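For the sequence shown, our numbering assigns the number 457 to the initial residue and increments by one for each residue that follows.
Just so you know, even glycine gets a beta-carbon here, dropped at the ideal spot from N, CA and C.
None of the values given here were measured: they were computed from a predicted structure.
Okay, so here's the structure we're looking at.
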Amino acid sequence: MITIDDVVSALRLSIFNPIVLIPLVFALPSARLFTWYTIIVTAVASIYWLDHYLRRAPFKLDPATDLVIITGAGSKNGIGRYMVEEFCRAGFSVLILALDMQWDAPANVTFLACDVTNREDLALAQMKISNIYSKLQPAVLINNAGVAHNKLLLDLPDQVITNVINVNLLAPFWTIKTFVPGMVKRGKGHIVNISSVLGTMGVSQLSAYCASKHGLIGFHDSLTHELTNPYNYYPDAVSEAPDAPSRPTGIATLLVVPGHISTEMFAGVRCPDRFLSPILNPKDVGRQIAQAVLQGETGRLYFPFYTRVSWIFSALPGIISEAIRLFSRADLLMSGFKGPGITEIEKLRRKPSK
457 MITIDDVVSA LRLSIFNPIV LIPLVFALPS ARLFTWYTII VTAVASIYWL DHYLRRAPFK
517 LDPATDLVII TGAGSKNGIG RYMVEEFCRA GFSVLILALD MQWDAPANVT FLACDVTNRE
577 DLALAQMKIS NIYSKLQPAV LINNAGVAHN KLLLDLPDQV ITNVINVNLL APFWTIKTFV
637 PGMVKRGKGH IVNISSVLGT MGVSQLSAYC ASKHGLIGFH DSLTHELTNP YNYYPDAVSE
697 APDAPSRPTG IATLLVVPGH ISTEMFAGVR CPDRFLSPIL NPKDVGRQIA QAVLQGETGR
757 LYFPFYTRVS WIFSALPGII SEAIRLFSRA DLLMSGFKGP GITEIEKLRR KPSK
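Here it is in C-alpha cells:
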C-alpha cells in the first residue's frame, strides 16, 4: 500500500532534489521562475545537510571499549530486541535492563532483571557492570522501557497512573543519573530517549501515557542543553554553580518520536488512516534507531513523516483541529486495545531481582 512517506520520498528524489534541479537550470536558462525555485530548494537543502553534519556526535563508538545499555528490551517483538540485534551485528556488547527476557539473545548480550523505576535496582546493576565487563564502559544508554493503558482518566486506578509515569517518564531520570556521570567523566556517551507522536498530541484513554511522553520530550530538551552548553558561556552562572562543567561534556543526545509501531504494547490498536499514519514494523524501527546511534546522529529522529508535522495540530484553530480529530477517529484509537495491562507488568515487577 502506498503511504504519504512513499510520496514524500519520491518528491525528495525529484522536485526537491538539488542534484536533479541544478542541471535543469542550465538546460532552461530562460525559465527565471524555475531558477529561483532551484535556488531556494538548494539553499534549504544545504542548511539541512550542514545541520545534519555539524550535529554529529563528537566521537566514534568502539566495540572494544564501549558498552550499550538498553532498558525494556526483553519483549520478543519489541523495538528493543531489534536494536540489540543491530548493535550485536556491529560487534558491540549489549546489557539489557528489563523485568523479564522473552527471547534468546546472542552471546554478547547480558540480561539483568531490573526494575528501572527502582534506584536500588539500578545501583545494583551499575555495580555488576564492572564485574561482568572488565574492559568495557557504558557509552550508550537507550531509554526504551515503556507501558501503556486504555482507560478513561476517571476510570484509571491511581496506581496505574503512578506506574505509567514512573516507567515512561521518571525511569529515564534515574537511569541517566545512574549511568551518565561515568560517561561525563570519560567525555563520551550517547543518550537516546524514545518518546512518541502522542507526546505531541493527546488522545482519549491515554491520558497518563500522553502526559508521560509529553514530559519526556521536555525533559530531553532540557537535558540536551544542560549537557551541551558549558557554563562558561554564561559567566554569571559559574559562581552559582561552581561544580558545574565549564566545557561541553561530550555527551550526545537523540530523541526518537515514532508513530504507531506494531508491537505487543499496542496490540489491537486501530490505526485510522494507513496512508497518512502507516503502521511501523518494529524490526525496521529498531534497526533504524541503532544505525542512527552508530552513525553518531543527534537531535530528533521522526518516523513516519506525519510525526514531523504533528505539532501543527495544536497550532490550528480549535474548530479545524477538532474536525480533523473527528474525521481521523483519533479518540477511538484505543477501543480495540489488547496489549499487556499494568496488572501483568506489576506481577513481573514483584519478582526479585537476580
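What residue does the beta strand (DSSP E) around residue i start on, and which one ends it?
i: A746; result: Per DSSP, A746 belongs to no beta strand (DSSP E); it is in the alpha helix (DSSP H), 738–750.
i: Q582; result: Premise fails: Q582 lies in the alpha helix (DSSP H), 575–588, not in any beta strand (DSSP E).
i: V463; result: From DSSP, V463 is part of no beta strand (DSSP E) but of the alpha helix (DSSP H) over 460–468.
i: R781; result: Note, R781: premise wrong, no beta strand (DSSP E); alpha helix (DSSP H) at 774–784.
i: L489; result: Element bounds for L489: not the beta strand (DSSP E) but the alpha helix (DSSP H), 488–510.
In angstroms with no decimal places, state the Cα-to-Cα distance between residue i and residue j.
i: M557; j: G643; result: 32 Å
i: V572; j: F761; result: 31 Å
i: S695; j: G655; result: Residue confidence for S695 is low, a pLDDT of 46 falling below 50, so the modelled location carries little weight and cannot support an answer.
i: I552; j: P479; result: 50 Å
i: T680; j: D507; result: 16 Å
i: L609; j: S668; result: 14 Å
i: L580; j: S660; result: 38 Å
i: F793; j: T618; result: 20 Å
i: D677; j: I647; result: 12 Å
i: L467; j: G755; result: 24 Å
i: I561; j: L469; result: Reading off the sequence, residue 561 comes out as Ala, not Ile. Cα to Cα, the separation comes out at about 38 Å.
Kindly give me the distance between the Cβ atoms of residue i and residue j, rounded to whole angstroms, as I take these residues to be in contact under 8 Å.
i: M657; j: S766; result: 6 Å
i: W630; j: R545; result: With 8 Å as the limit, W630 and R545 do not qualify as a contact, their Cβ atoms being about 29 Å apart.
i: A746; j: M539; result: 5 Å
i: V749; j: V596; result: 6 Å
i: G602; j: M721; result: 7 Å
i: V481; j: F490; result: 7 Å
i: R730; j: T494; result: So it is not a contact: roughly 34 Å between Cβ atoms.
i: P628; j: L672; result: 7 Å
i: Q582; j: T634; result: 6 Å
i: N600; j: I526; result: 6 Å
i: G530; j: A554; result: 4 Å
In chain order, what residues of the same chain have a beta carbon less than 7 Å from the beta carbon of residue i, not counting five sequence neighbours either side?
i: L736; result: P714, G715, H716, I717, S718, F759, P760
i: L683; result: T705, I707, T709
i: H670; result: G655
i: L484; result: F490
i: N533; result: T719, E720, P738
i: D614; result: none
i: V565; result: V540, C544, V550, I552
Among residues of its own chain, excluding the 5 on either side of residue i, which ones have a beta-carbon nearer than 6 Å to its beta-carbon?
i: S777; result: F769
i: V524; result: F543, F548, V550, V596
i: G652; result: The amino acid occupying residue 652 in the given sequence is Ser; Gly does not appear at that position. K669, listed in sequence order.
Under the DSSP definition of a beta bridge, which residues are partnered with residue i?
i: D522; result: Q593
i: V648; result: I598, L710
i: F567; result: I552
i: T527; result: L553
i: L757; result: V712
i: I717; result: L736
Counting only beta-carbon atoms, is residue i nearer than 8 Å to chain D?
i: V620; result: The structure shown contains no chain D; it holds only a single protein chain.
Between which two residues does the alpha helix (DSSP H) holding residue i run?
i: F675; result: 663–684
i: F820; result: Outside the modelled stretch of the chain, which goes from 457 to 810, sits residue 820, for which no answer is possible.
i: G536; result: 535–545
i: Q615; result: 614–621
i: F769; result: 768–771
i: A723; result: No alpha helix (DSSP H) contains A723, which DSSP labels as neither H nor E.
Shorter than 7 Å, the distance from the beta carbon of residue i to the closest heavy atom of the ligand FMN, or not?
i: E753; result: Summarising the ligand content, the structure contains no ligands, and the ligand FMN is consequently not present.
Keeping to the same chain, check which residues put their C-beta closer than 8 Å to that of residue i; ignore five residues upstream and five downstream.
i: H605; result: L612, V616, V620, Q661, L662, A664, Y665, G797, I798
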